[in-house]
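What follows is a short report on a single structure.
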Amino acid sequence: MPDQALQQMLDRSCWVCFATDEDDRTAEWHLPVDCKPPEGPVVYVLDLADRLISKACPFAAAGIMVGSIYWTAVTYGAVTVMQVVGHKEGLDVMERADPLFLLIGLPTIPVMLILGKMIRWEDYVLRLWRKYSNKLQILNSIFPGIGCPVPRIPAEANPLADHVSATRILCGALVFPTIATIVGKLMFSSVNSNLQRTILGGIAFVAIKGAFKVYFKQQQYLRQAHRKILNYPEQEEA
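Residues 604 to 841 (my numbering) are what the sequence shown spells out, left to right.
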């Protein structure tokens with residue numbers, strides 16, 4: 604028992620500075636009293652305020668971040684309305700609209716654009732065309748080889764693995780109204796209504812881009828289906 608008590612004394616560690624007997628054998632050990640000196644009212648109030656501020660700062664930062672994103676979405680929605688409908692017409696529409704409707708409707712514009720960008724409708728169209736292209740000869744004339752039988756069917760890529768980067772989706776969705784406006788002015792300049800011209804430009808851009816994307820994916824599909832592993836004969840050394 605004395606040896607055990609001696610060993611416990613030798614294994615002592617200070618919970619303040621984490622020092623042990625091996626660090627300084629001449630150090631004097633104290634047993635601190637579980638009390639603290641009295642605080643004045645000013646110090647108490649300042650300490651309480653400091654702790655409250657420390658707890659409230661994360662919530663305040665989150666609120667500021669959410670508010671910044673919300674008002675950015677509102678501003679983007681207002682700019683998009685003026686860009687699509689026309690500057691003067693857009694201002695007139697927003698001035699006549701209910702403020703509550705604007706506060707709810709304008710932020711949904713970028714959200715709907717992003718959600719629409721995430722819909723990969725080209726893949727569904729390509730699957731339907733591969734399934735029914737042999738019955739529609741016009742599709743085979745537009746996309747050569749889409750209805751031809753293939754030696755083997757390539758393995759389908761996992762949709763989760765074939766992901767598109769979030770930045771690409773975000774940028775593509777937010778720049779879409781500008782592209783639709785430009786395409787509408789170039790291809791449908793005879794249309795007088797800014798809204799109709801922009802809608803037609805957006806539909807034309809999505810259709811043309813989708814056709815090129817379907818063609819590109821079909822060519823990749825055919826390349827993978829016709830892949831062959833050839834034997835490379837080793838040349839004899841002279």
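Each residue gets a CB set at the ideal place from its N, CA and C atoms; glycine is no exception.
> Can you pull the DSSP bridge partners for Thr623?
Replying inline: Ser616
> What is the rounded straight-line gap between the Cα of Asn834 and the Cα of Gly805?
Replying inline: 50 Å
> Phe791 to Ala769, Cα distance in whole Å?
Replying inline: 32 Å
> So Ser793 is in the alpha helix (DSSP H); what residue range does that whole segment cover?
Replying inline: From DSSP, Ser793 is part of no alpha helix (DSSP H); its letter is neither H nor E.
> Taking DSSP as the reference, what is the three-state secondary structure of Arg699?
Replying inline: helix
> What did DSSP end up calling Pro836 once you bin it into helix, strand or coil?
Replying inline: coil
> Tell me which same chain residues have a C-beta within less than 8 Å of the C-beta of Val728, skipping the five on either side of it?
Replying inline: Gly813 and Val817
> With DSSP run on the structure shown, which of helix, strand or coil describes Ser657?
Replying inline: helix
>> Does the region 671 to 685 come into contact with the region 701 to 710, if we say contact requires no fewer than three beta-carbon pairs (one atom in each stretch) closer than 8 Å?
In response: yes
> Out of curiosity, what's the CA-to-CA distance linking Trp674 and Phe621?
Replying inline: 51 Å
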